[in-house]
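Residue numbers (the working numbering): 2 to 200.
Glycine residues also receive a C-beta, built at the ideal position from the N, C-alpha and C atoms.
See below for the structure under consideration.
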Amino acid sequence: MLRVLLASRNVGKLREFAALLPGFTLVPWPAEAPELPETGAFFQDNALQKAEGARAWWLAHGTESVDAVLADDSGLCVDALWGGPGVLSARFAQDLSSYAERNQRLLDLLPEGAARTARFVCVLAWVPLGGTAGERCTVSGAVEGSLALAHRGSQGFGYDPIFLPEGADQTFGELAAASKHTLSHRARACAALRAKLGA
Ligand code: IMP
2 MLRVLLASRN VGKLREFAAL LPGFTLVPWP AEAPELPETG AFFQDNALQK
52 AEGARAWWLA HGTESVDAVL ADDSGLCVDA LWGGPGVLSA RFAQDLSSYA
102 ERNQRLLDLL PEGAARTARF VCVLAWVPLG GTAGERCTVS GAVEGSLALA
152 HRGSQGFGYD PIFLPEGADQ TFGELAAASK HTLSHRARAC AALRAKLGA
């Protein structure tokens, strides 16, 4: 079984990867490791930057052997906000202490009568450290949907309570994790990664 270093401290993402990549042994990013910079303009740039940063740090400081590094850059892109918060999703409204408040601020930014269409995007970067872990690659997944009128539900993390996937009448915050995993951006990116690796 491939041992994969996850270049993230986001507990919501970690929980999802554990469910979405059952055939891999996931090694968490250590508490003593630095924050990984993400200064790119695109999800793909940031995913690669995090994976390469994690690989370099692990080669110098890692305490166990891993076969590859996996980094996720993802976010919510709202059409009426010119695709924002997009790559800045993790940094949006950081002056507010809870996601409930950040979600409300995002909803309040929508001009009255504006289209509510939005999508979640996830880009994964895979960087092997050993010879058995395939090729360095990026894969992506997206799920179309719209912003709910108010936050609903407490499942998931981040913007889940305000995102209604296309065709559903429940937000990601209301759907059980197993249902989110049938259609989410991260699930689709993980499926693409597994296909690429033949895993
Ligand atoms: P980053 O990939 O570290 O830049 O952070 C992505 C941010 O986008 C997260 O901190 C969340 O705010 C948001 N996000 C990404 N994926 C999801 C998701 O599946 N549900 C809810 N929010 C998400």
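Sheet register partners of residue i (DSSP bridge)
i: Ser98; result: Bridge partners of Ser98: none, in fact.
i: Leu176; result: Partner(s): none; Leu176 has no beta bridge.
i: Gly142; result: Cys123
i: Leu111; result: BP columns for Leu111 are empty, so no partner.
i: Val128; result: Val70
i: Leu165; result: Ser147
i: Gly76; result: Val122
Distance, residue j Cα to residue i Cα
i: Ala115; j: Trp83; result: 12 Å
i: Arg56; j: Phe121; result: 26 Å
i: Ala179; j: Ser185; result: 10 Å
i: Ile163; j: Arg106; result: 11 Å
i: Glu175; j: His152; result: 10 Å
i: Leu21; j: Ala8; result: 16 Å
i: Ala192; j: Gly24; result: 12 Å
i: Leu111; j: Pro86; result: 12 Å
i: Leu97; j: Asn104; result: 10 Å
i: Arg137; j: Val70; result: 10 Å
i: Val128; j: Thr172; result: 33 Å
i: Tyr100; j: Phe93; result: 10 Å
i: Val88; j: Pro166; result: 19 Å
i: Thr133; j: Phe43; result: 29 Å
i: Ala81; j: Arg117; result: 7 Å
i: Val79; j: Gly63; result: 38 Å
i: Val5; j: Val28; result: 6 Å
i: Gly41; j: Ala196; result: 27 Å
i: Asp109; j: Lys181; result: 25 Å
i: Arg16; j: Glu113; result: 36 Å
Helix, strand or coil at residue i [DSSP, three-state]
i: Thr133; result: coil
i: Arg120; result: strand
i: Ala81; result: helix
i: Leu148; result: strand
Cβ shell of residue i (< 7 Å), same chain only, five flanking positions each side left out
i: Gly131; result: Asp68
i: Cys123; result: Asp73, Ser75, Ser141, Gly142, His186, Arg187, Ala190
i: Leu37; result: Ala8, Lys51, Gly54, Ala55
i: Gln45; result: Val124, Thr139
i: Leu198; result: Gly135
i: Ala119; result: Leu77, Cys78, Val79, Asp80, Gly146, Ser147, Leu148, Phe164
Nonlocal neighbours in the same chain, by C-beta distance under 6 Å from residue i, ignoring five residues either side
i: Ala126; result: Ala48, Leu49, Ala52, Ala72, Thr139
(request) List in chain order: all unbroken beta strand (DSSP E) runs of 3+ residues lying wholly within the region 2 to 74. (result) Within the region 2 to 74, the complete beta strand (DSSP E) runs of at least 3 residues are 4 to 7, 26 to 28.
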